[in-house]
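A short worksheet on the structure shown next.
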Amino acid sequence: MEPFIYESGEFRIELKNDPHLAGEIEFLRSIAKPGMNVLDVGLHRGVTTVALAKSVALAGHVYAFEPVPEFYNAVRENLSRNQVKNVDVFDLALSDQKERLRFYKRGGGSGIVPGKNAEVLTVKATTMADFVARQDLDEIDLLSMDCEGSELRVFQGAGDLLRKQAPQIFCEIHHGFLGSLGKSAGDVAEYLEGFGYRVQPLSVEALDAKPALEECSHIYARKSHLWKTIEELEGKIRDLKGRMPAHSIKTSMIQELEKLEKQIKEKKEKSS
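Written as structure tokens, this is what we have:
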């Protein structure tokens, strides 16, 4: 596993020879800002982890996940080598439920899709929503993901986070691995759109290009401010209904409820 010193001459040469990695770093630098809290999922040797840590600076923090022991140890070594202090690394996979997963390690990659001559590992997995709740993290700004087929499962385990905190998302799409599991990039996009996200297909080797979803290397997704407002209004309605007395409902509460529901209808019409 190659060690690296971020922004060294040797590393710049590596990026010049690897347009895929260079494009990932360029895009992450454009969206990761000082003070952000980030979840980085699937680390390999930690290049994106270090890039994110440098971008969010000491005012921000990166929570990083890598279940394969060889990669986990390499990430920790590279974080130390680059004197990064604002990252916590967890030897966990993320999925749609808390479980023990069979992982297949092949070369520099790993995931839940079986492969010939792959090393088989059993790893511990949790959900993104459970992790955020247990860590009491009430402000996650960005998700960076490279999950080799688990993209949809990871998002399915992040429902509350996607709904309430609406982080930006930068996710590599492994079309072949998704297909092996009977899923597609379209399924991933549709799931995120159900939370009010707008999904933009990307090609990190040509960031100015506009690839089709079926041909993209990554997706970038974020919620519009309008959808955030809608979800805030829906939360107010749930709270109001919870405070309504069982047998006698005040006219003022009914009027307030009707007003909120009218606002939601109008905003949903504007967003469509």
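Sequential numbering from 1 applies to the sequence shown in the working numbering. Just so you know, even glycine gets a beta-carbon here, dropped at the ideal spot from N, CA and C. Keep in mind the model is a prediction, meaning the values are calculated, not measured.
Cβ-Cβ distance between Glu222 and Tyr197 below 8 Å: Sequence check: residue 222 is Arg here, not Glu. It is a contact, given that the beta carbons lie within the stated cut-off.
Closest residue to Glu99 among Ile5, Lys116, Phe90 and Thr126 (Cα-Cα distance): Thr126
Bridge partners - Arg64, DSSP secondary structure assignment: This sequence places Ala at residue 64; Arg is not what is there. Note: Ala64 sits in a beta bridge opposite Asp40 and Val89.
Pair within 8 Å by beta-carbon distance, Leu28 and Ser150: no
Own chain residues within Cβ distance below 7 Å of Lys116, not counting five before or after: none
Alpha carbon of Ile237 to alpha carbon of Ser252, nearest angstrom: 14 Å
Alpha-carbon spacing of Gly35 relative to Asn86, whole angstroms: 11 Å
Close beta carbons around Ala118, own chain, < 7 Å, minus the five adjacent residues each side: Tyr104, Lys105 and Arg106
In chain order, each alpha helix (DSSP H) run of at least 4 residues that lies wholly inside the region 139-185: 151-156, 159-164 and 175-180
As assigned by DSSP and simplified to three states, the class of Ser272: Because the pLDDT at Ser272 is just 48, under 50, the model does not fix this residue reliably, and the point stays unresolved.
Nearest to Leu43 (by Cα), restricted to the options Pro201, Met1 and Val204: Met1
For Glu99: DSSP bridge partner residues: Ala125
Test item: CB-CB of Leu79 and Thr49 under 8 Å: yes
Range of the contiguous alpha helix (DSSP H) that encloses Arg81: Pro69 to Arg81
Cβ distance (whole Å) where Ile31 is taken to contact Ala51 below 8 Å: With 8 Å as the limit, Ile31 and Ala51 do not qualify as a contact, their Cβ atoms being about 11 Å apart.
Integer-rounded CB distance, given that Leu39 should sit under 8 Å from Tyr72: Not confirmed; about 16 Å, so no contact.
Sequence-distant residues of its chain with Cβ nearer than 8 Å to Glu261 (five each side left out): Ile237
At least 3 beta-carbon pairs within less than 8 Å: the region 12-21 vs the region 131-143: no
Proximity below 8 Å, CB of Pro69 to CB of Lys124: no
Continuous alpha helix (DSSP H) stretch holding Arg12: start and end: Gly9 to Asn17
The beta strand (DSSP E) enclosing Lys223, as first and last residue numbers: His218 to Lys223
Minimum C-alpha distance to Glu77 - residue among Val188, Gly108 and Arg45: Arg45
Residues that Tyr6 bridges to, as DSSP identifies them: In DSSP, Tyr6 forms no bridge with anything.
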